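Enquirer:
Protein chains: 2
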Amino acid sequence: MAAGLSDRSVPDIDRRGLRDRVYDRILDILLSSEMEPGARLSIDTLAKQLKVSPTPIREAMVQLERTGLVTREALKGYRVAPPLGPEQLDELFEARIMLEVEAARLAAPRAASFLPALQQAHEHHHLMGERVTDAMRGGEVPIRTIHDYFDADNAFHLVILDAAGNRYVQDMYANLGALTHRMRQAVIRGTSDVSEAAVEHAAILEAFASGDPSSPVAALRAHIEGVRARSLDDSPGT
Amino acid sequence: MAAGLSDRSVPDIDRRGLRDRVYDRILDILLSSEMEPGARLSIDTLAKQLKVSPTPIREAMVQLERTGLVTREALKGYRVAPPLGPEQLDELFEARIMLEVEAARLAAPRAASFLPALQQAHEHHHLMGERVTDAMRGGEVPIRTIHDYFDADNAFHLVILDAAGNRYVQDMYANLGALTHRMRQAVIRGTSDVSEAAVEHAAILEAFASGDPSSPVAALRAHIEGVRARSLDDSPGT
DNA sequence: AAAGAAAAGATCCTATAGGAAATATAGACG
DNA sequence: CGTCTATATTTCCTATAGGATCTTTTCTTT
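So the protein sequences, as listed, match chains D and Y.
Take 177 as the starting number for the first sequence in my numbering and just add one per residue.
Take 177 as the starting number for the second sequence in my numbering and just add one per residue.
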């Protein structure tokens, strides 16, 4: 922890190089589903649109390729990755269960140190969830509201991941992050997930507070299995 | 695997783009420990050495950054990553255990389909191991021999990973591959690991053959824990 | 009319050039 | 003699240009 990576908030103002900003910009475009799956991502076109040269675009694309959001064919260019099929969805959940359950196992002994943070994240998630359901009763749900809710949900899970203290597990989870976001976006319909997620998060919080090292593992597994089940319910309604 | 449609014998000879070949070349340099940790990896210098322009070098570096073998500081360039410390080594083993144990759990029910391949991989690994021990008795061990042994060892594990049928787990394992290779390189001393690894691999093979779904999980866990223990024995002798 | 071939257009890929920042070096001052 | 400053060099970073490849369109032929 002494040489840890806690300095995530101060990346030297604007000292990240153009390639990182281009990466963020294209990532936003992809995550907001502004482009159809399979659509070509022309290097030159993107360069003109973002008012930069092809080189930083090219670097950002290499990085994006690793997230699974774009596919590359040598000498043919990049394309928006096709949507996740049922098998990929299943494998994604399997991978998430593996990572989060293991993270819970590692974090459980040190529950006391991060319980306040987890409690706070849970309350924030609960609040954001209420805003979503309120908006749903009124009809349209602003994109910003949905975005905030996803962020809050992700933050809750990240508290546990970070508490596990394994940088490789953290990296793996971050890699799956983009695909997870895309998956959630496609399965947002229905208010059920919001309320049930809050209940399950509460159960996870209680499990960590109980002191029993095996309870959080079971609670977390139940949560992700619950998300999976609710996703499958909605997926036929394409 | 099932969705593949481009299994022609020689579909893309030399059709991988310069960036991929540059990546392989630099990866070889890094894995062979020709450069000291912390040494600068100058874009221009590498471009001149490899007789290419900076652009493909730059793309390959972005890719290498994700393997953990090089570090990047914006506006300051790339450097060879520092050697793995004790904590990182521990976390790396934790991550590998998580991945491989889960892979074994997923693969166990389909053991019959990949048992022959696993058997063959085991025999090859055993053979390569004998070559290493033979060479050790004679004094020097050729680099090629060590390389072949590592490949055989890795191939054995890959059979199980592939059998798990989860592309995300496979990707994660591949990401850890470079670091794992570097770790093994630093802990190669001692012939004990070669013979013990063969014994443990045999146990894994038997566990899969037994049909009991929980045996392979335990055997695989025992194997990696064994590797970890032997690594710790050698690490003080830096 | 359909299928195949050839040419035009667009795109990717690599190379070269110049500006901005960081590191190393040399000199001046306390 | 040590420290600080200013200069020079190296290096990274971005932009522009040209050759190679793929895609699309058009035209010819059966």
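C-beta atoms are modelled at their ideal positions from N, C-alpha and C, and glycine is treated no differently.
Please read all numbers here as calculations on a predicted model, not as lab measurements.
How would you write the range of the beta strand (DSSP E) that E247/Y sits in, first residue to last?
Expert: For the purposes of this step, residue 247/Y is taken as the residue at position 71 of the second sequence. The sequence as given places Thr at residue 247/Y; Glu does not occur at that position. Where T247/Y is concerned, the enclosing beta strand (DSSP E) stretches over V246 to E249.
Enquirer: Would you please verify whether the beta carbon of M211/Y is less than 7 angstroms from any beta carbon of chain D?
Expert: Here residue 211/Y is taken as the residue at index 35 of the second sequence, counted from 1. Taking Cβ atoms only, chain D never reaches closer than 7 angstroms to M211/Y, which makes this a no.
Enquirer: Which residue's Cα is closest to the Cα of P389/D: E278/D, D338/D, V345/D and Y325/D?
Expert: Indexing the first sequence from 1 puts residue 389/D at position 213. Comparing Cα positions, the closest option is E278/D.
Enquirer: Buried or exposed for M391/D, please, with buried defined as at least 16 other CB atoms from any protein chain shown within 10 angstroms of its CB.
Expert: Taking the first sequence and counting its residues from 1, one reaches residue 391/D at position 215. Looking at the sequence itself, residue 391/D is Ser, so the reference to Met does not match. S391/D comes out buried.
Enquirer: Are the Cβ atoms of V335/Y and A385/Y separated by less than 7 angstroms?
Expert: Within the second sequence, numbered from 1, the residue matching residue 335/Y stands at position 159. Within the second sequence, numbered from 1, the residue matching residue 385/Y stands at position 209. Not closer than 7 angstroms, so no.
Enquirer: Please decide whether L408/D counts as near chain Y, where near means a Cβ-Cβ distance under 7 angstroms.
Expert: One-based indexing of the first sequence puts residue 408/D at position 232. Chain Y contact via Cβ: absent.
Enquirer: My guess is that Y254/D and L217/D are in contact by the Cβ rule of under 8 angstroms, so how many angstroms apart are they, rounded?
Expert: Locating residue 254/D in the first sequence gives position 78, where the first residue counts as 1. Locating residue 217/D in the first sequence gives position 41, where the first residue counts as 1. That belief holds up - the Cβ atoms of Y254/D and L217/D are roughly 4 angstroms apart, short of 8 angstroms.
Enquirer: Might you give, ordered along the chain, the residues of its own chain that have their beta carbon closer than 8 angstroms to the beta carbon of D183/D, omitting 5 neighbours on each side?
Expert: Along the first sequence, read from residue 1 onward, the residue named residue 183/D stands at position 7. For D183/D, the pLDDT reaches just 37, beneath the cut-off of 50, and the residue's location in the model is therefore unreliable, leaving the point undetermined.
Enquirer: Rounded to the nearest angstrom, what separates Q361/Y and L260/Y at their Cα positions?
Expert: On the second sequence, position 185 is the one that residue 361/Y refers to. On the second sequence, position 84 is the one that residue 260/Y refers to. Their backbone Cα atoms lie some 12 angstroms apart in a straight line.
Enquirer: According to DSSP, is L260/Y helix, strand or coil?
Expert: Numbered from 1 along the second sequence, position 84 holds the residue referred to as residue 260/Y. Coil.
Enquirer: Is H300/D closer than 7 angstroms to A328/D when the C-beta atoms are compared?
Expert: Along the first sequence, one-based indexing puts residue 328/D at 152. Along the first sequence, one-based indexing puts residue 300/D at 124. Their beta carbons are under 7 angstroms apart, which means A328/D touches H300/D by this criterion.
Enquirer: Assign R286/Y to one of two classes, buried (16 or more other C-beta atoms within 10 Å of its C-beta) or exposed (fewer than that).
Expert: The residue labelled residue 286/Y in the question sits at position 110 within the second sequence. Answer is exposed; the Cβ neighbour count stays below 16.
Enquirer: Cβ closer than 7 angstroms: which chain D residues qualify as neighbours of A342/Y?
Expert: Here the question's residue 342/Y lines up with position 166 in the second sequence. In the sequence as displayed, the identity of residue 342/Y is Asn instead of Ala. Within 7 angstroms Cβ-Cβ: E267, E270 and A271.
Enquirer: Can you tell me whether DSSP reads R360/Y as helix, strand or coil?
Expert: For this step, residue 360/Y is matched to residue 184 along the second sequence. Note: R360/Y maps to helix in three-state DSSP.
Enquirer: Under 8 angstroms, with one C-beta from each stretch per pair, do the region 227-246 of chain D and the region 235-254 of chain Y reach the 3-pair mark?
Expert: yes
Enquirer: Which bits of chain D does G193/Y rub up against, with CB to CB less than 8 angstroms?
Expert: Looking up residue 193/Y in the second sequence gives position 17. In chain order: A250 and L251.
Enquirer: Name, please, each residue of chain Y whose Cβ falls closer than 7 angstroms to the Cβ of R242/D.
Expert: Position 66 of the first sequence, counting from 1, holds the residue named residue 242/D. Within chain Y, the residues near R242/D are R242.
Enquirer: Would a check of beta-carbon distances place Q346/Y closer than 7 angstroms to chain D?
Expert: Your numbering for residue 346/Y matches position 170 in the second sequence. Not an interface residue.
Enquirer: Does any CB atom of chain D fall closer than 7 angstroms to the CB of M274/Y?
Expert: As a first step, residue 274/Y must be located in the second sequence, where it is residue number 98. For M274/Y, the answer is yes, since a Cβ of chain D falls inside 7 angstroms of its Cβ.
Enquirer: Throw me the rounded Cβ distance for the E212/D and V256/D pair, which I believe falls under 8 angstroms.
Expert: Here residue 212/D refers to the residue found at position 36 when the first sequence is read from its first residue. Here residue 256/D refers to the residue found at position 80 when the first sequence is read from its first residue. Going by Cβ atoms, the distance from E212/D to V256/D rounds to 7 angstroms, so yes, they are a contact pair.
Enquirer: Given a cut-off of 7 angstroms, decide if L275/Y and M348/Y are closer than it, judged by their beta-carbon atoms.
Expert: As a working note, residue 348/Y is residue 172 in the second sequence. As a working note, residue 275/Y is residue 99 in the second sequence. The answer is yes: Cβ separation under 7 angstroms.
Enquirer: Give a yes or no on whether the minimum CB-CB distance between V228/D and chain Y is below 7 angstroms.
Expert: What you label residue 228/D is simply residue 52 of the first sequence in a count that begins at 1. No, its Cβ sits nowhere closer than 7 angstroms to a Cβ of chain Y.
Enquirer: For H235/Y, return the contacting residues in chain D, with the cut-off set at a CB-CB distance below 7 angstroms.
Expert: On the second sequence, residue 235/Y is found 59 positions in, with the first residue counted as 1. Rather than His, the amino acid found at residue 235/Y in this sequence is Glu. Taking the beta carbon of E235/Y as reference, the chain D residues within 7 angstroms of it are R234, E235 and V238, listed in sequence order.
Enquirer: Do we get a CB-CB distance below 7 angstroms when we pair E376/Y with the residues of chain D?
Expert: Within the second sequence, residue 376/Y is the residue found at index 200, counting from 1. Cβ-Cβ to chain D under 7 angstroms: no for E376/Y.
Enquirer: For a test of the three-state rule: what should DSSP assign to R197/D, helix, strand or coil?
Expert: Start at 1 with the first residue of the first sequence, and residue 197/D comes out as number 21. The answer is helix: DSSP assigns R197/D an H, G or I state.
Enquirer: Report yes or no: do the region 192-203 of chain Y and the region 391-407 of chain D share at least 3 C-beta pairs separated by less than 8 angstroms?
Expert: no
Enquirer: For a contact meaning CB atoms closer than 7 angstroms, what does E278/D contact in chain Y?
Expert: Counting from 1 along the first sequence, the entry for residue 278/D is found at position 102. Simply M274.
Enquirer: Can you tell me which of the three DSSP states R216/D falls into?
Expert: Counting from one through the first sequence, the residue named residue 216/D turns up at place 40. DSSP places R216/D within a strand segment (E or B) once states are collapsed to three.
Enquirer: Could you give the C-beta distance for L352/Y and Y344/D, rounded to a whole number, given that I count them as a contact under 8 angstroms?
Expert: Mapped onto the second sequence, residue 352/Y falls at position 176. Mapped onto the first sequence, residue 344/D falls at position 168. Indeed they touch by this definition, with Cβ atoms about 7 angstroms apart.
Enquirer: Taking only the alpha-carbon atoms, compute the straight-line gap between N342/D and R192/Y and give it to the nearest angstrom.
Expert: Translated into positions along the first sequence, residue 342/D becomes position 166. Translated into positions along the second sequence, residue 192/Y becomes position 16. Straight-line Cα distance between these residues: approximately 34 angstroms.
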